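Trainee: There's a structure below that I have some questions on.
There are 2 protein chains.
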Amino acid sequence: MSYFRDNIDKMDGYVPGFQPSAVDVVKLNTNENPYPPSPKVLEAISKITTERLRRYPDPLGNAFRQAAAEVHGLSPENILCTNGGDDLLTMVFRAFCDENRPAAYPVPTYTLYPVLAKIQNCPVIEVPFDSEFNLPAKLASAGVALTIVCNPNAPTATVINKNELASLADELKGILLIDEAYVDFAEDNCLSLVKDFDNIIILRSMSKGYSLAGVRFGYAVANPTLIDGLIKVKDSYNVDSLAIIAATEAIKDQQWFKRNVEKVKSERQRLTDSLRDLGFPVLESSTNFLLAPTGDYKANEIYDKLSKQNIFVRYFNVPGLDDRLRITVGTPPQNDQLIAALKKILER
Amino acid sequence: MSYFRDNIDKMDGYVPGFQPSAVDVVKLNTNENPYPPSPKVLEAISKITTERLRRYPDPLGNAFRQAAAEVHGLSPENILCTNGGDDLLTMVFRAFCDENRPAAYPVPTYTLYPVLAKIQNCPVIEVPFDSEFNLPAKLASAGVALTIVCNPNAPTATVINKNELASLADELKGILLIDEAYVDFAEDNCLSLVKDFDNIIILRSMSKGYSLAGVRFGYAVANPTLIDGLIKVKDSYNVDSLAIIAATEAIKDQQWFKRNVEKVKSERQRLTDSLRDLGFPVLESSTNFLLAPTGDYKANEIYDKLSKQNIFVRYFNVPGLDDRLRITVGTPPQNDQLIAALKKILER
Chain F
4 MSYFRDNIDK MDGYVPGFQP SAVDVVKLNT NENPYPPSPK VLEAISKITT
54 ERLRRYPDPL GNAFRQAAAE VHGLSPENIL CTNGGDDLLT MVFRAFCDEN
104 RPAAYPVPTY TLYPVLAKIQ NCPVIEVPFD SEFNLPAKLA SAGVALTIVC
154 NPNAPTATVI NKNELASLAD ELKGILLIDE AYVDFAEDNC LSLVKDFDNI
204 IILRSMSKGY SLAGVRFGYA VANPTLIDGL IKVKDSYNVD SLAIIAATEA
254 IKDQQWFKRN VEKVKSERQR LTDSLRDLGF PVLESSTNFL LAPTGDYKAN
304 EIYDKLSKQN IFVRYFNVPG LDDRLRITVG TPPQNDQLIA ALKKILER
Chain H
4 MSYFRDNIDK MDGYVPGFQP SAVDVVKLNT NENPYPPSPK VLEAISKITT
54 ERLRRYPDPL GNAFRQAAAE VHGLSPENIL CTNGGDDLLT MVFRAFCDEN
104 RPAAYPVPTY TLYPVLAKIQ NCPVIEVPFD SEFNLPAKLA SAGVALTIVC
154 NPNAPTATVI NKNELASLAD ELKGILLIDE AYVDFAEDNC LSLVKDFDNI
204 IILRSMSKGY SLAGVRFGYA VANPTLIDGL IKVKDSYNVD SLAIIAATEA
254 IKDQQWFKRN VEKVKSERQR LTDSLRDLGF PVLESSTNFL LAPTGDYKAN
304 EIYDKLSKQN IFVRYFNVPG LDDRLRITVG TPPQNDQLIA ALKKILER
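Those sequence lines, one after another, are chains F and H. Counted from 1, the first sequence has number 341 at position 338 by the working numbering; the numbering is strictly sequential. Counted from 1, the second sequence has number 335 at position 332 by the working numbering; the numbering is strictly sequential.
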């Protein structure tokens, strides 16, 4: 006999990418930014007072909302702080979905979506991408309460343009969540759509472009009516004082952020070229990672061989993805190490 | 037309206690510890590396699990880290409750429970305490999936003894969550019950005894089967690296913790006596706050007058609580200021 609900018993939990405890590894498996966050973050953290630790945080993280609103040319009422982007995903499933209110999204995509749907016990409609990862036309007619488009998409690294997503939002009767966790590395974004559409929520993360995966900070951008509704389902104090301080300093330092993003983009191009030289037909990436089909070689075997050398990439043992590897763009020496290791593996 | 589920539209969100942004106030309204956390916390935070900020946290916070297990004489597999105690409350509602699986708890108690039930759309059975806040016998026969006993209870500050809760767990077919957020200030606790009962989950918080309300850290203690099930419904990275570091250092420094707790308990006695001298029949408290019936005076009027002097206590505008104030035990000077202000208010 189990004490849990049936849907919980029957599901598998989400398995996050392996987090090696050793520091001395080439870690290209969970899409962290290879460069450190703004020095202002560390400076602000080291100045935290015991008074701030002792007291509850600001429940809404207004210092961050103000800073993010200024960066984006929006108002603080358009912003909601979340404990990582995943916290927002949990909130939208709880706010919009249930047994009678399904969710839909194109696949392959972020594998947390179906896990959250199972916890919420809501049906999902998974609409396959075509081979070029265009927006599937069927998505508009699925008739669901919540449609999610991860854009740029993980793990394909591909992007759908803003006008297509605006048309989709226009056709939908429910919410369109655009998961922009990786958008810092893309050429465009959908923020401006929240002014025109009352059913669009944009997810943003401080983990990728801002190098703050360790502090768990994301945010929603939407019209104030949606933000107010989401506040009702969020944990009272979902983001802590240290995270608010770190994220606020990071988003204020746009110069540091942009320089880091440019460095990643430049290495992304170099890594793409090197992998193509090895015979892997890598797609163009709009993110900080590459999806690399491994051609004649078995992806899982390459994965194992790299792991043994303390080089960690991501392998998904699911149909459509099991013939390729997802590789985070690292620093130049890390990328060099990866390429050198791959060359040796392929020579054997 | 609303995009939200009906239950979300119809509910009011939980309203956390007022968090004044000014530091120069007497803040006795949200049960923070008036004393700072262990100096080792600040020391460890100031040593955080950009590498830790850049990388994802350990999904399970194993450093904390290990430290907590040692303190409690349990195994790390008995411990689950949560983003504040509230995160665990959210998890248990999602893991055990739905439309057909109700929750039950004695009232008055922590007002977040009904809010979480509404979000989960699960029925609740609220069983009134008697006038002495004994465990209501009806609780055992409610036949629900999740029974919650806040112990010591907020906002009554009263406690139910361990044997009674063991008997309750024995009678229940579902889960018994014992919310021990305030237990650091009580004379006993229920931790040992998790060895004997496969249906007991203990909630602990680092916000009260350990003075870390600002970092949002709580934990569950239960048998490993329950912990494994809860891991499936938790956010992948629900606690951040800074919070893990802070909480781990805090729980390791038992000497500092115990000294702070003793200081609070001693002031609790002094404040209780002073309030009784003013004619408020304050109940004995097993927490770091007092529930003070205001006798002939209107509680809300006293609350307003104190607020105007920047002295913040908590007033609940609900039947059974609207004739009293909940007052956090502060430092000796804070308590003196409160008593002096109350004396003047009552003289008028």
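Even glycine gets a Cβ: it sits at the ideal position worked out from N, Cα and C. Just so it is clear, the structure is predicted and the values come from calculations on it, not from any experiment.
1. Taking 8 angstroms as the threshold, find out whether the stretch 249–265 of chain H comes into contact with the stretch 206–214 of chain H through three or more Cβ pairs.
2. Grab me the residues of VAL197 (chain H)'s own chain with a C-beta within less than 7 angstroms of its C-beta, minus the 5 sequence neighbours each way, in chain order.
3. Restricting to Cα atoms, I'd like to know which of H:TYR222, H:SER144, H:SER214 and H:GLY217 is closest to ILE181 (chain H).
4. Find the residues of chain H that neighbour ILE82 (chain F), judging by a C-beta separation of less than 8 angstroms, and give them in chain order.
5. Below 7 angstroms CB to CB, which residues in the same chain sit around ILE128 (chain H) once its five sequence neighbours on both sides are set aside?
6. What residue does the alpha helix (DSSP H) around ALA305 (chain F) start on, and which one ends it?
7. Taking ARG97 (chain H) as part of the alpha helix (DSSP H), name the residues at either end of that continuous run.
8. Grab the span of the beta strand (DSSP E) containing SER208 (chain F) for me, first residue to last.
9. On the three-state DSSP scale, how would you describe VAL18 (chain H)?
10. In its own chain, which residues sit with a C-beta less than 8 angstroms from the C-beta of TYR38 (chain H), not counting the 5 before and 5 after it?
11. Going by DSSP, what residues sit across from GLY221 (chain F) in a beta bridge?
12. Report yes or no: is there a C-beta of chain F within less than 7 angstroms of the C-beta of PRO60 (chain H)?
13. Beta-carbon within less than 8 angstroms of PHE260 (chain F)'s beta-carbon, same chain only, minus the 5 sequence neighbours each way: which residues are those?
14. Hey, would you say TYR113 (chain F) sits closer than 7 angstroms to ALA157 (chain F), going by beta carbons?
15. Starting from the Cα of ASN32 (chain H), find the closest Cα among H:LEU138, H:PHE200 and H:ASN291 and give me that residue.
16. Which first and last residues belong to the beta strand (DSSP E) in which PRO353 (chain F) is found?
17. Contact check, ASN303 (chain H) vs ARG57 (chain F) under 8 angstroms by CB: the rounded distance?
18. Please list the terminal residues of the continuous alpha helix (DSSP H) segment that includes ILE254 (chain H).
19. Among F:THR159, F:MET14, F:ILE178 and F:LEU63, which residue has its Cα nearest to the Cα of ILE248 (chain F)?
20. Determine the chain F residues that contact GLN22 (chain H) at a beta-carbon separation under 7 angstroms, and present them in chain order.
21. To the nearest angstrom, how far is it from the Cα of PHE315 (chain F) to the Cα of ALA216 (chain H)?
22. Taking Cβ positions only, does PRO126 (chain F) come closer than 7 angstroms to chain H?
23. Are ALA250 (chain H) and PHE220 (chain H) touching if we call contact CB-CB under 7 angstroms?
24. Cβ closer than 7 angstroms: which chain F residues qualify as neighbours of LYS235 (chain H)?
25. Any C-beta of chain H sitting closer than 7 angstroms to the C-beta of GLU35 (chain F)?
26. List the residues of chain F that ASN338 (chain H) touches, going by C-beta distances under 8 angstroms, in chain order.
27. What is the rounded straight-line gap between the Cα of LEU168 (chain H) and the Cα of ASP201 (chain H)?
28. Ignore the nearest five residues each way along the sequence and tell me which others in ASN164 (chain F)'s own chain have a CB closer than 6 angstroms to its CB.
29. Whole-angstrom Cβ separation of LEU349 (chain F) and TYR300 (chain F), contact assumed at under 8 angstroms?
30. Quick check on the burial criterion: 16 or more other C-beta atoms within 10 angstroms. Buried or exposed for GLN272 (chain F)?
31. Give me the chain F residues within the contact set of ALA249 (chain H), using Cβ-Cβ distance strictly less than 8 angstroms, ordered along the chain.
32. Measure the alpha-carbon distance for LEU91 (chain H) versus TYR6 (chain F) and round it to whole angstroms.
33. Going by CA-CA distance only, name the one from F:LEU281, F:VAL110 and F:LEU345 that's closest to PRO322 (chain F).
34. Would the stretch 279–291 of chain F count as touching the stretch 7–19 of chain F if we require 3 or more Cβ pairs under 8 angstroms?
35. In this structure, does DSSP put ARG58 (chain F) in helix, strand or coil?
36. I'd like to know whether the C-beta of ASN86 (chain F) is nearer than 7 angstroms to at least one C-beta of chain H.
Mentor: Here's the rundown:
1. yes
2. Counting from 1 along the second sequence, the entry for residue 197 (chain H) is found at position 194. Correct list, in chain order: ASN81, ILE203, ILE205, VAL224, ALA225 and ASN226.
3. Taking the first residue of the second sequence as position 1, residue 181 (chain H) is located at position 178. Comparing Cα positions, the closest option is H:TYR222.
4. Numbered from 1 along the first sequence, position 79 holds the residue referred to as residue 82 (chain F). Here the premise fails: no neighbours, minimum Cβ distance about 17 angstroms.
5. Residue mapping note: residue 128 (chain H) aligns to position 125 of the second sequence, counting from 1. Only PRO105, ALA107, ALA145 and VAL147 meet the Cβ criterion.
6. Working through the first sequence from its first residue, we reach residue 305 (chain F) at position 302. Note on identity: in this sequence residue 305 (chain F) is Ile, with Ala being the wrong assignment. From DSSP, the alpha helix (DSSP H) with ILE305 (chain F) extends over 302–311.
7. Taking the second sequence and counting its residues from 1, the one referred to as residue 97 (chain H) is at position 94. Looking at the DSSP string, the run of the alpha helix (DSSP H) that includes ARG97 (chain H) is 88–99.
8. Numbered from 1 along the first sequence, position 205 holds the residue referred to as residue 208 (chain F). First-last of the beta strand (DSSP E) with SER208 (chain F): 203–208.
9. The residue you call residue 18 (chain H) lines up with position 15 of the second sequence. Coil.
10. In the second sequence, the residue the question calls residue 38 (chain H) occupies position 35. Cβ neighbours of TYR38 (chain H) beyond the five flanking positions: SER214, ASN263, LYS266, VAL267 and THR334.
11. Looking up residue 221 (chain F) in the first sequence gives position 218. Residue pairing of GLY221 (chain F) in beta bridges, as defined by DSSP: F:THR85 and F:SER208.
12. Looking up residue 60 (chain H) in the second sequence gives position 57. By this cut-off, PRO60 (chain H) is an interface position.
13. Stepping through the first sequence from its first residue, residue 260 (chain F) is reached at position 257. Closer than 8 angstroms at the Cβ level, and outside the excluded window around PHE260 (chain F), lie SER41, ASP187, GLY212, TYR213, ALA253 and ILE254.
14. The count along the first sequence starts at 1 and reaches residue 113 (chain F) at position 110. The count along the first sequence starts at 1 and reaches residue 157 (chain F) at position 154. It is a contact, given that the beta carbons lie within the stated cut-off.
15. Reading the second sequence from its first residue, position 29 is the one you call residue 32 (chain H). Per the Cα distances, H:ASN291.
16. As shown, chain F starts at 4 and ends at 351. That puts residue 353 (chain F) outside it, with no answer to give.
17. Here residue 303 (chain H) refers to the residue found at position 300 when the second sequence is read from its first residue. Here residue 57 (chain F) refers to the residue found at position 54 when the first sequence is read from its first residue. 28 angstroms between Cβ atoms; not a contact.
18. Within the second sequence, the letter at position 251 stands for residue 254 (chain H). First-last of the alpha helix (DSSP H) with ILE254 (chain H): 244–255.
19. Position 245 of the first sequence, counted from the first residue, corresponds to residue 248 (chain F). Considering only alpha carbons, the answer is F:LEU63.
20. As a working note, residue 22 (chain H) is residue 19 in the second sequence. Under the 7 angstroms cutoff, chain F gives TYR59, ASP61 and PRO62.
21. Counting from one through the first sequence, the residue named residue 315 (chain F) turns up at place 312. Counting from one through the second sequence, the residue named residue 216 (chain H) turns up at place 213. Looking at the two C-alpha atoms, the distance is approximately 36 angstroms.
22. Mapped onto the first sequence, residue 126 (chain F) falls at position 123. False, the Cβ-Cβ gap to chain H never drops below 7 angstroms.
23. Your numbering for residue 250 (chain H) matches position 247 in the second sequence. Your numbering for residue 220 (chain H) matches position 217 in the second sequence. Yes, Cβ-Cβ distance for ALA250 (chain H) and PHE220 (chain H) is below 7 angstroms.
24. Against the second sequence, residue 235 (chain H) aligns to sequence position 232. Residues of chain F passing the Cβ test: ILE11, MET14 and GLY16.
25. Along the first sequence, one-based indexing puts residue 35 (chain F) at 32. Closer than 7 angstroms: yes.
26. By 1-based counting over the second sequence, the position of residue 338 (chain H) is 335. Chain-order list of chain F residues neighbouring ASN338 (chain H): empty, with the shortest C-beta distance near 17 angstroms, by a criterion of under 8 angstroms.
27. One-based indexing of the second sequence puts residue 168 (chain H) at position 165. One-based indexing of the second sequence puts residue 201 (chain H) at position 198. Spanning the two alpha carbons is a distance of roughly 14 angstroms.
28. For the purposes of this step, residue 164 (chain F) is taken as the residue at position 161 of the first sequence. There are no such residues.
29. In the first sequence, residue 349 (chain F) corresponds to position 346, counting from 1. In the first sequence, residue 300 (chain F) corresponds to position 297, counting from 1. LEU349 (chain F) to TYR300 (chain F), Cβ: 6 angstroms. Contact.
30. Here residue 272 (chain F) refers to the residue found at position 269 when the first sequence is read from its first residue. GLN272 (chain F) should be labelled exposed.
31. On the second sequence, residue 249 (chain H) is found 246 positions in, with the first residue counted as 1. Per Cβ cutoff of 8 angstroms: LEU56 and LEU245.
32. Counted from its first residue, the second sequence places residue 91 (chain H) at position 88. Counted from its first residue, the first sequence places residue 6 (chain F) at position 3. In a straight line, the C-alpha of LEU91 (chain H) is about 16 angstroms away from that of TYR6 (chain F).
33. Taking the first residue of the first sequence as position 1, residue 322 (chain F) is located at position 319. The option with the nearest alpha carbon to PRO322 (chain F) is F:VAL110.
34. no
35. Position 55 of the first sequence holds residue 58 (chain F). In this structure, ARG58 (chain F) counts as coil in the three-state DSSP scheme.
36. On the first sequence, position 83 is the one that residue 86 (chain F) refers to. Cβ-Cβ to chain H under 7 angstroms: yes for ASN86 (chain F).
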